[in-house]
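Novice: I have a structure I would like to understand better, so I am pasting it below and will then ask my questions one at a time.
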Amino acid sequence: MSALPIMKIMSLTIKTVAKPISKLLKQQAMTHETLRQRVVVPVGQATHWISVRLQRLTMNSSRRDVKPLSEDLAVTYGAEFIGEFFIFSVATVMLVGEYNASAKKSAAKEAKLQSTLASLRDDIEQLRAQQADTQEQLRTVLAQLQQQQQQQRGANPHNTAAVDATAAAAAAAAQSPSAKTTSQAGFFNFWPFG
1 MSALPIMKIM SLTIKTVAKP ISKLLKQQAM THETLRQRVV VPVGQATHWI
51 SVRLQRLTMN SSRRDVKPLS EDLAVTYGAE FIGEFFIFSV ATVMLVGEYN
101 ASAKKSAAKE AKLQSTLASL RDDIEQLRAQ QADTQEQLRT VLAQLQQQQQ
151 QQRGANPHNT AAVDATAAAA AAAAQSPSAK TTSQAGFFNF WPFG
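Numbering (the UniProt record's numbering), first residue to last: 1 to 194.
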């Protein structure tokens with residue numbers, strides 16, 4: 001079961017709520033006298049001027065003067081622009097928020113991956129150290145077996161075949177990179193299920 005996409009649900013809700021708020025802003029812009037004279041009419045005139053200039057540029061017209069709109073038409077253009085700008089601003093903020101959330105999630109995932117890699121590197125180093133210790137122990141046991149072999153040869157020169165076989169097996173185990181300690185090898189050789 002996956003988690004609900006809460007950020008996407010919030011984003012959709014805010015975008016849906018932004019449209020009625022935009023209509024309310026348009027109505028307030030048309031009815032509030034100070035807002036109408038100081039903001040809405042200049043915005044409507046500027047919107048009209050930019051629109052006409054762009055149309056003339058695309059048609060390669062040489063006329064430069066733009067006739068101002070009537071106040072009622074300027075209020076309509078200005079209120080429309082303010083409403084659309086509000087919706088655009090909300091959508092932009094939500095897009096930036098979703099991007100930041102995604103970036104944080106990605107950074108957390110990357111940090112977790114780096115932590116796992118560091119842990120694996122530590123484990124590998126520990127295993128290498130254990131392997132080196134095991135090989136050193138095997139070399140010590142081999143040296144002891146060789147000493148015992150020398151002592152037994154001196155005491156009984158006729159019984160060297162068994163000692164030579166034991167020493168050869170210990171030498172082969174010491175040379176193997178995945179050698180086990182003698183106690184581990186003995187236990188698993190005895191274990192009936194492995």
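Note that beta-carbon positions come from the ideal geometry of N, C-alpha and C, so glycine has one too.
When the Cα atoms are used, what is the spatial distance from Thr181 to Glu110?
Specialist: Per-residue confidence for Thr181 stands at a pLDDT of 47, beneath the threshold of 50, marking its modelled position as unreliable; no derived number is given.
Novice: Would Val40 and Val75 qualify as a contact pair, given that the criterion is a beta-carbon distance under 8 Å?
Specialist: yes
Novice: Which runs of the alpha helix (DSSP H) at least 4 residues long sit entirely within the segment 23 to 86? Give them in chain order.
Specialist: 41 to 58
Novice: Note down the Cα distance separating Ala101 from Val43, rounded to an integer number of angstroms.
Specialist: 35 Å
Novice: When DSSP labels each residue in this structure, what does Pro5 get in the three-state scheme?
Specialist: Residue state, collapsed to three classes: coil.
Novice: With a threshold of 8 Å, are at least 3 pairs of Cβ atoms found where one atom belongs to the segment 48 to 68 and the other to the segment 5 to 25?
Specialist: no
Novice: So, is Ala29 buried or exposed, given that buried needs 16 or more other C-beta atoms within 10 angstroms?
Specialist: buried
Novice: Who are the Cβ neighbours of Ser22 in its own chain at under 7 Å, not counting the five residues just before and after it?
Specialist: Gly83, Phe86 and Ile87
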